[in-house]
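In my numbering, the protein residues as written are 769 to 1127.
Yeah, the Cβ is synthetic: ideal placement off N, Cα and C, and Gly gets one too.
Given the structure is predicted, the values throughout are model-derived calculations rather than measurements.
See structure below.
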Amino acid sequence: MSSATEHAVRLLAPRNLHQCLWLPERPSHARLRITFATTSNFDDKSLPCILFVGPMFGSRYNALLFNKLAKDVGVRVICVDRPGIGGSTPVPLRERLPVWLETVPALLQALDVKHVSLVSHSAGTLYLLNTLDAYREILHSKAPYVALLAPWVHMQYSGSGLWTAASKLPQGAFSYWSGLSGFINQNVQSLGALSSAFTPKKSSTCEAETSSQSGNYGVSKKVEAEVDRLMADYLFNWESMKGGNEEALLLLKKDASVSWGACEDYVAYVKTLNERETERQKQDEGYAKLKVRLFFAKSDIMIGKQGQNYFEDVWKSGCAPDAIELESTEMSGTNHDSVLVDLEKGALRRIFEEIKGLA
């Protein structure tokens, strides 16, 4: 075993990256295992807490990607494997959103966390919006904050050629979606955000092997490349990424009997949210306004400029400034994945620093 591999194994081994809880059996499902991770500074309860809601193939290992930045800024982060991802028990497509909504309060209770800020990337948009609708009280009353990076927009509104083509595939074809993504991610690119298997590598293999510059994990590029390789191998070959198959079906609305819950219609969702926030302000003038931050990639193959314009317009036209403090930013030099995983050009540092400043 090379020294780089040994170092990578040590980074991936800590207990904070391999935690689980069990959801009790209910009429709708059997007992379910949920795996999750936290940043290594999580025991410091003085730090503001972030619940990160990841992309289609996003896993708990995002906590490792966030770890150095979280410690540097002074925030702590929770990352959860949704059903069929990592070690979390698979569930039928219709149960994905309900099980997530069951997971959130159980997880926060297990971790003794009262309040969080919500941050999502890509497919996590659906889960964040449903969480905000169901559990507004988990946001801190003095600093309620949510951020959506590269938010998901259905191809009906984005016009995405990639997803329009995917929508024409028979539903059975998506049984192989995770396998295809696993092959591409293990042979073409580093693990990254795993929301898309179509984004080029951040750096070449040569750069990863020769550079001694500290990367996202606070280690050399050589060790960072080995961490990415081991994560991909572990997730796709030893755990599971098959939940990504159901995620794709959910995003595409391939099953007409399965909805997006509270955010089935983005326009109606924002209208309802604005009404609720307005009512809160009327009841208590000292109530802090909900801060909503939208971050878009400069170039996003998943939703394109049309999808960005649609999502921005929905929020800008539906939010009253007295109730919701809305900001929208396009991050220069980023794509759909790098708006999250590039800690220099992406939005994550800005988000962490704003949340820390609000604490």
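Relative to the alpha-carbon of residue 774, which residue among 818, 1056 and 987 has its alpha-carbon at the smallest distance? Within the sequence shown, numbered from 1, the residue matching residue 774 stands at position 6. When only C-alpha atoms are compared, the closest one is 987.
Contacting residues, own chain, Cβ-Cβ under 6 Å from residue 927 (five flanking each side not counted): Counting from one through the sequence shown, the residue named residue 927 turns up at place 159. So the list reads 1074, once near-sequence residues are dropped.
CA-to-CA distance, residue 886 to residue 787, given in whole angstroms: To locate residue 787, count along the sequence shown from 1; it is residue 19. To locate residue 886, count along the sequence shown from 1; it is residue 118. Distance between the alpha carbons of residue 787 and residue 886: 20 Å.
Apply the 10 Å Cβ neighbour rule to residue 1076 and answer buried if 16 or more other Cβ atoms are within range, or exposed otherwise. Position 308 of the sequence shown, counted from the start, is the residue given in the question as residue 1076. Buried: at least 16 other Cβ atoms inside 10 Å.
Indicate whether residue 801 and residue 790 have their beta-carbon atoms separated by less than 7 Å. Translated into positions along the sequence shown, residue 801 becomes position 33. Translated into positions along the sequence shown, residue 790 becomes position 22. Cβ distance < 7 Å, so residue 801 and residue 790 count as in contact.
Is the Cβ-Cβ distance between residue 853 and residue 1086 less than 7 Å? Working through the sequence shown from its first residue, we reach residue 853 at position 85. Working through the sequence shown from its first residue, we reach residue 1086 at position 318. Not in contact: residue 853 and residue 1086 (Cβ atoms no closer than 7 Å).
Backbone secondary structure at residue 882 - three-state DSSP: Residue mapping note: residue 882 aligns to position 114 of the sequence shown, counting from 1. Three-state DSSP puts residue 882 in coil, outside helix and strand.
With 16 as the cutoff for other CB atoms within 10 Å, does residue 777 come out buried or exposed? Start at 1 with the first residue of the sequence shown, and residue 777 comes out as number 9. It counts as exposed.
Mind reading off the beta-carbon distance from residue 1056 to residue 910? Whole number of angstroms is fine, and I expect it under 8 Å. Looking up residue 1056 in the sequence shown gives position 288. Looking up residue 910 in the sequence shown gives position 142. Their Cβ separation, rounded to whole angstroms, is 5 Å, which keeps residue 1056 and residue 910 in contact under 8 Å.
Three-state class that DSSP yields for residue 1077 in the structure shown: The residue given as residue 1077 occupies position 309 in the sequence shown. It is helical.
Would you check if the distance between the CB atom of residue 771 and the CB atom of residue 823 is smaller than 7 Å? Counting from 1 along the sequence shown, the entry for residue 771 is found at position 3. Counting from 1 along the sequence shown, the entry for residue 823 is found at position 55. The answer is no: Cβ separation not under 7 Å.
Quick test of your reading: residue 1120 and residue 918, contact by CB under 8 Å. State the CB separation rounded to the nearest angstrom. Locating residue 1120 in the sequence shown gives position 352, counting from the first residue. Locating residue 918 in the sequence shown gives position 150, counting from the first residue. With a Cβ gap of about 17 Å, residue 1120 and residue 918 do not count as contacting.
Would you kindly work out how many angstroms separate the C-alpha atoms of residue 836 and residue 984, rounded to a whole number? Counting from one through the sequence shown, the residue named residue 836 turns up at place 68. Counting from one through the sequence shown, the residue named residue 984 turns up at place 216. Whole-angstrom Cα-Cα distance: 7 Å.
If residue 1038 and residue 1082 are in contact, beta carbons under 8 Å, what's the gap, nearest whole angstrom? The residue labelled residue 1038 in the question sits at position 270 within the sequence shown. The residue labelled residue 1082 in the question sits at position 314 within the sequence shown. That belief holds up - the Cβ atoms of residue 1038 and residue 1082 are roughly 6 Å apart, short of 8 Å.
Local conformation of residue 775 per DSSP, three classes: Taking the first residue of the sequence shown as 1, we reach residue 775 at position 7. DSSP places residue 775 in helix when its eight states are reduced to three.
Collapsed DSSP secondary structure at residue 1106 in the structure displayed: Looking up residue 1106 in the sequence shown gives position 338. Note: residue 1106 maps to helix in three-state DSSP.
Same chain, Cβ closer than 8 Å to residue 932, five either side skipped, listed in chain order: Numbered from its first residue, the sequence shown carries residue 932 at position 164. Counting only Cβ-Cβ distances below 8 Å, and skipping sequence neighbours, we find 923.
Are there three or more Cβ pairs, one per stretch, closer than 8 Å when the region 895-904 is compared with the region 859-869? yes
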